[in-house]
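Novice: Starting off with a structure, shown below.
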Amino acid sequence: MYTTEAIADMDDQALVQTLEHSNKQATIYKALLIMSLASFHHRNLARAHGAPSTVVWMVRHLQIAESTAYEYLRIGTIMQNYPEIADAFLHGEISYSMVRLISRHLSPENAYRLHEMATSMTLTEVRQALAGTRERDETLRQETLRIDIDDETGWAKMSAHMSPATAAGFLAALKIAELANYRDIRKMDPAVLQDPEALDRELEKATGEPVKTPAELVSSPMVDDEGKPLDPRDATGYGVPMRHKLFASLCR
-4 MYTTEAIADM
6 DDQALVQTLE
16 HSNKQATIYK
26 ALLIMSLASF
36 HHRNLARAHG
46 APSTVVWMVR
56 HLQIAESTAY
66 EYLRIGTIMQ
76 NYPEIADAFL
86 HGEISYSMVR
96 LISRHLSPEN
106 AYRLHEMATS
116 MTLTEVRQAL
126 AGTRERDETL
136 RQETLRIDID
146 DETGWAKMSA
156 HMSPATAAGF
166 LAALKIAELA
176 NYRDIRKMDP
186 AVLQDPEALD
196 RELEKATGEP
206 VKTPAELVSS
216 PMVDDEGKPL
226 DPRDATGYGV
236 PMRHKLFASL
246 CR
């Protein structure tokens, strides 16, 4: 086992050899992690191990950041379709950075050429060789969120195109916003807010509870256009509905 003192005492040649060896071993273990996660995901093992999704399981049990978890799964899933490149990654012949770079361009037609480039050229050379080439369609898409409001009716129309990570965060934010109508989310377990299924259960429970309205706030009943009483949580008091399951319909 190495110590900081042992590293400080290495001569120049030993230090360089240690860097090269440790970098290759780090690449091999990262490849093993990524390919194992892809297999774990393919087998749908997350639920059997107490998590609603592979990403949530990775965040909880491996302490991997959510954005990194999505990236590892993206790369691992792609590599499953290109075993020669995956094997080169697992053998430490190509780096994680190289795999990330070529994964944006891989297709059955160019897999052999990219494998040859990745194993014979530097990262900078491959990046320059691929400059100006067309990436795969899914990586060309730009994230967008558009909201159009009808000036006459006030109705809003939303359209969005998001990556899996951004979409998950966006939908979670909508759920949390709806839950904040019923709960003081500052007092809630952060793990509930990070778990999509736990958040759904808490939201369903909250929406099913009777409304407790302080007496001093009860001045006049809130009714809809037909004179039927409104749930105070579904209206502003000025006749404009706040939700009517808007968030729920977007998130479920």
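For the sequence shown, counting from 1, position 7 maps to 2 in the working numbering; every step adds exactly one.
Virtual Cβ for every residue (Gly too), placed ideally from N, Cα, C.
1) Taking three-plus beta-carbon pairs below 8 Å as touching, is the segment 4 to 24 in contact with the segment 79 to 90?
2) Alpha carbon to alpha carbon, what distance is there between Arg69 and Ser62?
3) What is the DSSP secondary structure of Asp179, reduced to helix, strand or coil?
4) If I measure Cβ to Cβ from Thr134 and keep anything under 6 Å in the same chain, skipping five residues before and after, which residues do I get?
5) Would you kindly work out how many angstroms separate the C-alpha atoms of His36 and Ile59, rounded to a whole number?
6) Does Ile97 come out as helix, strand or coil in the three-state DSSP assignment?
7) Could you name the residues that DSSP lists as bridge partners for Arg141?
8) To the nearest angstrom, how far is it from the Cα of Glu79 to the Cα of Leu198?
9) Put Pro224 into one of helix, strand or coil per three-state DSSP.
10) Name the two residues that bound the continuous alpha helix (DSSP H) containing Ser115.
11) Suppose you measure from the CA of Gln12 to the CA of Tyr91; what does that come to, to the nearest Å?
12) Kindly indicate which residue of Thr72, Ala3, Leu14 has the alpha-carbon position closest to the one of Leu32.
13) Using the three-state DSSP reduction, which class does Ser17 fall into: helix, strand or coil?
14) If you draw a straight line from the C-alpha of Asp6 to the C-alpha of Leu101, how long is it?
15) Between the Cα of Asp82 and the Cα atoms of Trp52, Glu66, Thr114, which residue gives the shortest distance?
16) State the start and end residues of the unbroken alpha helix (DSSP H) segment that holds Tyr77.
Specialist: Taking the geometry as given:
1) Yes, since at least three Cβ pairs between the segment 4 to 24 and the segment 79 to 90 fall closer than 8 Å, the two stretches touch.
2) Here residue 62 is taken as the residue at index 67 of the sequence shown, counted from 1. Here residue 69 is taken as the residue at index 74 of the sequence shown, counted from 1. The alpha-carbon atoms of Ser62 and Arg69 are separated by roughly 11 Å.
3) Taking the first residue of the sequence shown as position 1, residue 179 is located at position 184. In the structure shown, Asp179 sits in coil (DSSP, three-state: anything other than H, G, I, E or B).
4) Here residue 134 corresponds to residue number 139 of the sequence shown, with the count starting at 1. Below a pLDDT of 50, predicted positions are generally treated as unreliable, and Thr134, at 47, falls in that range; the measurement from the model is reported next regardless. Cβ-Cβ distances below 6 Å link Thr134 to Arg99 in the same chain, with the five nearest sequence neighbours on each side left out; the list follows chain order.
5) Your numbering for residue 36 matches position 41 in the sequence shown. Your numbering for residue 59 matches position 64 in the sequence shown. In this structure, the alpha-carbon of His36 lies about 15 Å from that of Ile59.
6) Here residue 97 refers to the residue found at position 102 of the sequence shown. Ile97: helix per DSSP, three-state reduction.
7) In the sequence shown, residue 141 corresponds to position 146, counting from 1. Paired residues: Ser154.
8) Here residue 79 refers to the residue found at position 84 of the sequence shown. Here residue 198 refers to the residue found at position 203 of the sequence shown. Between Glu79 and Leu198, the C-alpha separation is close to 46 Å.
9) The residue you call residue 224 lines up with position 229 of the sequence shown. It is a strand residue.
10) As a first step, residue 115 is located in the sequence shown; it is residue number 120 there, counting from the start. Taken as a continuous stretch (DSSP letters only), the alpha helix (DSSP H) holding Ser115 covers 106 to 115.
11) The residue given as residue 12 occupies position 17 in the sequence shown. The residue given as residue 91 occupies position 96 in the sequence shown. Each residue's CA atom was taken as its position, placing Gln12 and Tyr91 some 20 Å apart.
12) For the purposes of this step, residue 32 is taken as the residue at position 37 of the sequence shown. Of the candidates Thr72, Ala3, Leu14, the residue whose Cα lies closest to the Cα of Leu32 is Thr72.
13) Here residue 17 is taken as the residue at index 22 of the sequence shown, counted from 1. Helix.
14) Within the sequence shown, residue 6 is the residue found at index 11, counting from 1. Within the sequence shown, residue 101 is the residue found at index 106, counting from 1. So the alpha carbons of these two residues sit roughly 42 Å apart.
15) Here residue 82 refers to the residue found at position 87 of the sequence shown. Asp82 has its Cα closest to that of Thr114, out of Trp52, Glu66, Thr114.
16) In the sequence shown, residue 77 corresponds to position 82, counting from 1. Tyr77 -> no alpha helix (DSSP H), and no H or E assigned at all.
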